[in-house]
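Chains as they are written, first to last, in my numbering: chain A, 74 to 292; chain B, 48 to 273. Positions of the beta carbon are idealized from the N, C-alpha and C atoms, including for glycine. These figures come from a predicted structure and were not determined experimentally. Below is one structure, written out as structure tokens; the observations come after it.
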Amino acid sequence: MAGEVVLLDFWPSMFAMRVRIALAEKGIRYESKEEDLSNKSPLLLEMNPINKQIPVLIHNGKPVCESLIIVQYIDEVWNDKSPLLPSDPYQRAQARFWADFVDNKVSGAAKKVWSTKGEEQEAGKKEFLEALKTMEGELGDKPYFGGETFGYVDLSFITFYSWFHAYEVLGNINIEAECPKIITWAKRCMQKEAVAKTLPDQKKVYEFVVQLRKMFVSE
Amino acid sequence: MEEVKLLGFWPSPFSHRVIWALKLKGVKYDYLEEDLPNEKSQLLLQYNPVHKKIPVLVHGGKPIVESLVILEYIEETWPENPLLPKDAYARALARFWIQFGLQKAPIFHAFFQTTGEEQEKAIKEAQEVFKILEEKALGNKKFFSGDSIGMVDIAYGWLAYWFSGMEEAVGVKVLNPRTFPRLDSWIQDFKEVPVIKENLPDYANMVTYMKFMREKLTSHLPCHNH
Chain A
74 MAGEVVLLDF WPSMFAMRVR IALAEKGIRY ESKEEDLSNK SPLLLEMNPI
124 NKQIPVLIHN GKPVCESLII VQYIDEVWND KSPLLPSDPY QRAQARFWAD
174 FVDNKVSGAA KKVWSTKGEE QEAGKKEFLE ALKTMEGELG DKPYFGGETF
224 GYVDLSFITF YSWFHAYEVL GNINIEAECP KIITWAKRCM QKEAVAKTLP
274 DQKKVYEFVV QLRKMFVSE
Chain B
48 MEEVKLLGFW PSPFSHRVIW ALKLKGVKYD YLEEDLPNEK SQLLLQYNPV
98 HKKIPVLVHG GKPIVESLVI LEYIEETWPE NPLLPKDAYA RALARFWIQF
148 GLQKAPIFHA FFQTTGEEQE KAIKEAQEVF KILEEKALGN KKFFSGDSIG
198 MVDIAYGWLA YWFSGMEEAV GVKVLNPRTF PRLDSWIQDF KEVPVIKENL
248 PDYANMVTYM KFMREKLTSH LPCHNH
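Written out as structure tokens, the structure reads:
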């Protein structure tokens with residue numbers, strides 16, 4: 074199961090962060106290759122010719138693409154410790170549903186918050202906060218989405234926390250005021266070494282997003 | 048064995064994904080037809096409060112929603128006649144192609160719901176998707192999953208049957224058998240698989256439904272085609 078593990082990476086990507094957390098949780102040694110997305114490497118184009126996107130996990134020379142697919146692959150291959158998905162099929166289905174919800178509802182709305190302005194941004198902000206509130210409802214009184222332990226849904230969602238400062242400043246929203254339980258949960262997740270070591274500093278991400286925003290919005 | 052129920056909608060390809068998986072594994076279930084587009088039943092709203100959509104699989108009273116999540120659940124709960132490969136890498140590849148279909152769905156929505164330039168763009172993009180599917184996903188295999196159908200084929204089932212209904216409703220042929228011969232072979236082979244053949248909505252009814260939906264979605268647009 075060991076062998077060579079390489080991750081085609083990009084430090085602010087919340088999708089790449091998911092893979093880094095999974096690798097850290099499992100104690101897997103790997104080489105991280107930082108991509109310049111404005112100048113994609115031949116390796117990236119070779120390993121992910123269809124979407125040309127990071128993250129890509131290259132295990133013994135064979136590429137696995139799409140962050141949640143990579144996380145499931147890691148969980149199945151390195152199945153001797155720190156399970157990421159629950160073992161019960163019904164719990165797994167719930168975990169897959171909520172990770173999908175993060176990818177479909179949270180992610181799309183979040184992008185509108187930083188990449189648009191005016192009416193479109195207002196609509197995006199509303200959608201984003203509604204999606205967070207839905208997540209809050211699902212969390213309930215549990216310490217983690219996975220229950221007593223950090224799991225697949227937590228991993229899928231926590232990476233967006235590193236972008237919260239950017240959403241708040243660019244969107245003029247107060248996430249803690251709207252969804253206090255999400256912030257409590259996020260801070261709990263940040264107590265985990267795998268998460269704390271993976272997530273970049275929120276201010277650094279904010280500076281990155283401010284530059285990125287210029288490509289989408291003229292102000 | 049605990050009771051299995053499926054909340055579905057007769058013309059829905061997503062409903063059919065679940066039907067095919069259950070039948071391929073010989074799982075007995077009760078089918079409940081949702082009366083869409085009229086009022087959604089209390090049962091549906093109770094079982095899928097987040098998205099309020101079918102299909103919903105209910106196993107021993109517990110609901111599972113989202114057709115692709117349901118397929119993975121069925122695969123894990125009833126492992127006989129596996130729909131995914133055993134090898135972890137091959138599974139990741141299968142999931143990648145299923146995800147690819149999901150990511151490209153907006154192109155097909157655009158094809159069905161727009162007219163004019165926007166539709167032209169969607170048609171071009173759809174043909175690019177077919178090219179990739181033929182060359183990279185299908186290759187020289189009979190089915191996406193190899194010699195027999197699997198989860199990837201089930202996920203693309205809409206392309207084998209519902210897409211031509213969409214083409215008829217829109218009045219444009221996009222998936223030309225001469226341009227995409229291997230994909231066309233896959234379509235014919237897929238429809239011949241007994242579980243699939245015996246579990247498809249009536250073609251004429253499906254086309255009527257497509258035409259009705261196309262009209263509904265484009266009536267506000269200028270210069271729409273029938």
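Between Glu81(B) and Leu91(B), the CB-CB gap stays under 7 Å.
According to the DSSP assignment, Cys138(A) belongs to the beta strand (DSSP E) that extends over 135-138.
Each residue's CA atom was taken as its position, placing Asp236(B) and Phe174(A) some 34 Å apart.
Taking the Cα of Glu149(A) as reference, the smallest distance to any Cα among Ile117(B), Val116(B), Glu119(B), Asp134(B) is reached at Asp134(B). Contact between Ala239(A) and Val290(A) does not hold, since the beta-carbon distance rounds to 13 Å and is not under 8 Å. Secondary structure at Leu130(B): coil, using DSSP grouped into helix, strand and coil.
Its chain contains Val199, Asp200 as the residues whose beta carbon lies nearer than 6 Å to that of Ser192(B), once the 5 sequence neighbours on both sides are disregarded; these appear in chain order. In this structure, Lys199(A) lies away from Ile246(A), with their beta-carbon atoms at least 7 Å apart. Taking a Cβ-Cβ threshold of 8 Å, the residues of chain A close to Arg142(B) are Glu139, Ile142, Gln145, in chain order.
Taken through DSSP and simplified to helix, strand or coil, Ser155(A) comes out as coil. Taking a C-beta distance under 7 Å as the contact criterion, Ile154(B) and Ala141(B) do not qualify as a contact pair. Linking Glu181(B) to Pro126(B) through their CA atoms gives a straight-line distance of about 29 Å. Sorting Ile94(A), Pro253(A), Lys190(A) by C-alpha distance to the C-alpha of Asp214(A) places Pro253(A) at the top. DSSP lists Phe190(B) as the beta-bridge partner residues of Gly193(B). Per DSSP, the unbroken alpha helix (DSSP H) holding Glu239(B) starts and ends at 228-239. For Ile231(A), there is no enclosing beta strand (DSSP E); the residue is part of the alpha helix (DSSP H) that begins and ends at 225-231.
In the same chain as Ala204(A), and ignoring 5 residues on each side of it, the C-beta atoms closer than 6 Å to its own belong to Lys178, Val179, Ala182, in chain order. Between Ala95(A) and Val144(A), the gap from beta carbon to beta carbon is short of 7 Å. The C-beta of Val219(B) has fewer than 16 other C-beta atoms within 10 Å across all chains shown, which makes the residue exposed. Rounded to whole angstroms, Phe83(A) and Leu247(B) show a C-alpha spacing of 45 Å.
When DSSP assignments are scanned along the stretch 61-148 of chain B, the uninterrupted stretches of alpha helix (DSSP H) that are 4 or more residues long and fall wholly within it turn out to be 89-94, 114-124. From the listed residues Leu212(A), Gly219(A), Trp258(A), Phe218(A), the smallest Cα separation to Tyr234(A) is found for Trp258(A).
Burial is judged here by how many other beta carbons sit within 10 angstroms of a residue's own beta carbon; Arg225(B) has fewer than 16 and is exposed.
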